[in-house]
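Okay, structure first, notes after.
Number of protein chains: 2
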Amino acid sequence: MSRKTADLISAKAKILKALGHPSRLFIVEKLAQGEQCVCTLVELLGVDFSTVSKHLSILRNSGIIEYEKRGKMFFYRLKVPCLLKFIDCIEAIALPLSKE
Amino acid sequence: MSRKTADLISAKAKILKALGHPSRLFIVEKLAQGEQCVCTLVELLGVDFSTVSKHLSILRNSGIIEYEKRGKMFFYRLKVPCLLKFIDCIEAIALPLSKE
DNA sequence: TGTTCATTTGGCAATATAGCCAAATATATT
DNA sequence: AATATATTTGGCTATATTGCCAAATGAACA
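Line by line, the protein sequences are chains A and B.
Taking the numbering used here, I'd label the letters of the first sequence as residues 1 to 100.
Taking the numbering used here, I'd label the letters of the second sequence as residues 101 to 200.
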């Protein structure tokens with residue numbers, strides 16, 4: 001495997017890893033409905049502000065989301081619309097498993 | 101968030117997490133080309149047999165792959181064809197990032 | 001300019017993960 | 001039945017991740 005191929009695999013794995021946490025996946029699905037401020041996500045997830053902030057930083061770092069500041073608040077949004085399609089595929093796999 | 105919704109999110113995250121490791125993603129992409137025996141994967145990855153075996157167990161456990169024994173060897177294959185499509189999406193995100 | 005508010009960063013303890021070696025398993029073949 | 005072969009499992013250490021608290025940042029607004 002060439003260096004280049006290995007780098008690409010790692011980059012892809014990094015994105016999938018970023019999505020592979022319940023809170024982060026929840027955030028991504030929420031953002032799929034439209035942009036959200038950090039404070040809303042904190043409320044929905046019921047965890048500490050700092051925890052959400054770190055999850056957002058992991059998602060940002062993997063290139064999936066971006067944000068914009070307006071007034072005092074930070075609005076996050078999905079950067080990659082094709083994510084939505086594939087999450088349906090994952091759901092088709094996960095749905096039967098989650099019922100066991 | 102209802103219990104049911106939370107379970108589904110967790111199940112999906114588990115799948116994504118399983119894919120979120122370079123060796124496991126490599127395995128999945130290799131299997132997308134057709135079934136492979138464990139020994140081939142060991143050789144391609146260049147890590148210990150036991151390590152590959154554990155990666156396979158994680159992938160099996162997340163419902164993505166299955167295997168069949170023929171002769172002395174175990175042949176693994178993808179259980180979920182729709183995975184392929186979405187990996188292209190991930191690649192579209194990852195490609196520019198991996199060049200930085 | 002000083003204060004306030006939304007968010008991020010640093011630091012910590014608990015827990016999870018990765019990968020190696022050695023030992024166990026299971027089944028094909030002799 | 002014994003042996004060989006392919007794979008899995010157990011156990012270990014090193015490293016990474018998670019989530020909280022407290023402190024820092026930085027911009028908006030009084």
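Ideal Cβ positions, reconstructed from N, Cα and C, are used throughout, including at glycine.
{"query": "Segments of 4+ residues assigned as alpha helix (DSSP H) that fall wholly inside the segment 129 to 176 of chain B", "result": "138 to 145 and 149 to 161"}
{"query": "Listed by chain order, chain B residues near residue 10 of chain A by CB distance under 9 Å", "result": "122, 125, 194 and 198"}
{"query": "Any chain A beta carbon closer than 8 Å to residue 131 of chain B", "result": "no"}
{"query": "Residue 186 of chain B versus residue 162 of chain B - alpha carbon distance", "result": "17 Å"}
{"query": "Residue burial classification, residue 20 of chain A (beta-carbon count within 10 angstroms, cutoff 16)", "result": "buried"}
{"query": "Chain-ordered neighbours of residue 190 of chain B on chain A, where CB pairs are closer than 8 Å", "result": "12, 15, 16 and 86"}
{"query": "Rounded distance between the beta-carbons of residue 15 of chain A and residue 194 of chain B, thought under 8 Å", "result": "6 Å"}
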